[in-house]
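If you use full-length UniProt numbering, the sequence shown corresponds to residues 1 to 163, in order.
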Amino acid sequence: MPGGGEGTHVPRSRAPSEPRLEGRLRRLRTAGHRITAQRKAVLRALAGMGCACGAEDIHARARRIYPRLGLVTVYRTLGALVREGLAQTVQLDDGRIRYELRDDGRHHHHLVCLSCGAIARLETCAVGPLQQAGRRRGFTVTAHRLELFGYCGDCRSLEREAR
1 MPGGGEGTHV
11 PRSRAPSEPR
21 LEGRLRRLRT
31 AGHRITAQRK
41 AVLRALAGMG
51 CACGAEDIHA
61 RARRIYPRLG
71 LVTVYRTLGA
81 LVREGLAQTV
91 QLDDGRIRYE
101 LRDDGRHHHH
111 LVCLSCGAIA
121 RLETCAVGPL
131 QQAGRRRGFT
141 VTAHRLELFG
151 YCGDCRSLER
161 EAR
C-alpha cells in the first residue's frame, strides 16, 4: 500500500509535534485528568508510532521515555485518551485491540492486508448515507467501524513475481 492515494502505509514512525501534544494534554487536563510524566510518555510514544499499535508495543516505546512505566498505567492512559476522543481503538480479525491517535478528533477507517498484515489509513468515510438511512428509520447511530480486508500492492506484486 505504499505510495498510495487515500491510504498511508501505517507502520511508520513520526516525530510528534509539540503543539499537538500540548493540545492533547490540555484536553486531558480540562477533562479532569492529572498530567503525569507517565501519561506524557504514553502520549508521546503513541504519537511517535503513528499507527494502530497494541498496548504492549506502546508500553515498550514509552519505557524508552519513562523506564519505570507500568503496563497497567499504559492501559489506563489509553482508556482515558479513547474516552476523551483523542484516540480510537482498532479491532481486526486477529482479536488484538490496537490504539491510535485521532487527528483533530476525526475518525478514519483502515485497509488491512491479509498477507503481510499492513494497515493503511483510509481518510474517506462512506458511512454517511448509511447513517442517514438509519435516521429515516428512527435509528440513532452512535458509532461505527469499517475495515476493508484484501491484499496490498506490495503483496500483489510479490504474488505476480512468484508466478
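A virtual CB, placed ideally from N, CA and C, is assigned to each residue, including glycine.
Residues bridged to residue i by DSSP?
i	result
residue 71	BP columns for residue 71 are empty, so no partner.
residue 143	Bridge partners of residue 143: none, in fact.
residue 99	53 and 89
Smallest Cα separation from residue i: which of the options?
i	options	result
residue 51	95, 89 and 77	89
residue 93	77, 135, 82 and 117	117
residue 71	58, 155 and 83	58
residue 96	24, 55, 25 and 47	55
residue 24	69, 73 and 83	83
residue 45	21, 91, 129 and 29	21
residue 80	108, 43, 126 and 112	43
residue 37	17, 27 and 63	63
residue 158	115, 135 and 140	115
Hey, quick one: how far does the alpha helix (DSSP H) through residue i stretch, first residue to last?
i	result
residue 61	55–62
residue 160	153–162
residue 18	18–30
residue 130	128–136
Can you check whether the CB of residue j is closer than 8 angstroms to the CB of residue i?
i	j	result
residue 137	residue 77	no
residue 75	residue 87	no
residue 66	residue 47	no
residue 111	residue 150	yes
residue 102	residue 85	yes
In the DSSP assignment, the beta strand (DSSP E) including residue i goes from what residue to what residue?
i	result
residue 121	119–122
residue 150	147–150
residue 112	109–113
residue 45	From DSSP, residue 45 is part of no beta strand (DSSP E) but of the alpha helix (DSSP H) over 37–49.
Under 8 angstroms, Cβ to Cβ, is there at least one residue of chain D near residue i?
i	result
residue 41	In the displayed structure, chain D is absent; only one protein chain is listed.
*Should the region 144–157 be regarded as contacting the region 113–128, the criterion being three or more beta carbon pairs within less than 8 angstroms?*
yes
*Answer yes if the region 51–70 comes into contact with the region 16–33, meaning at least three C-beta pairs across the two stretches below 8 angstroms, and no otherwise.*
Counting C-beta pairs closer than 8 angstroms gives fewer than three between the region 16–33 and the region 51–70, which falls short of the contact rule.
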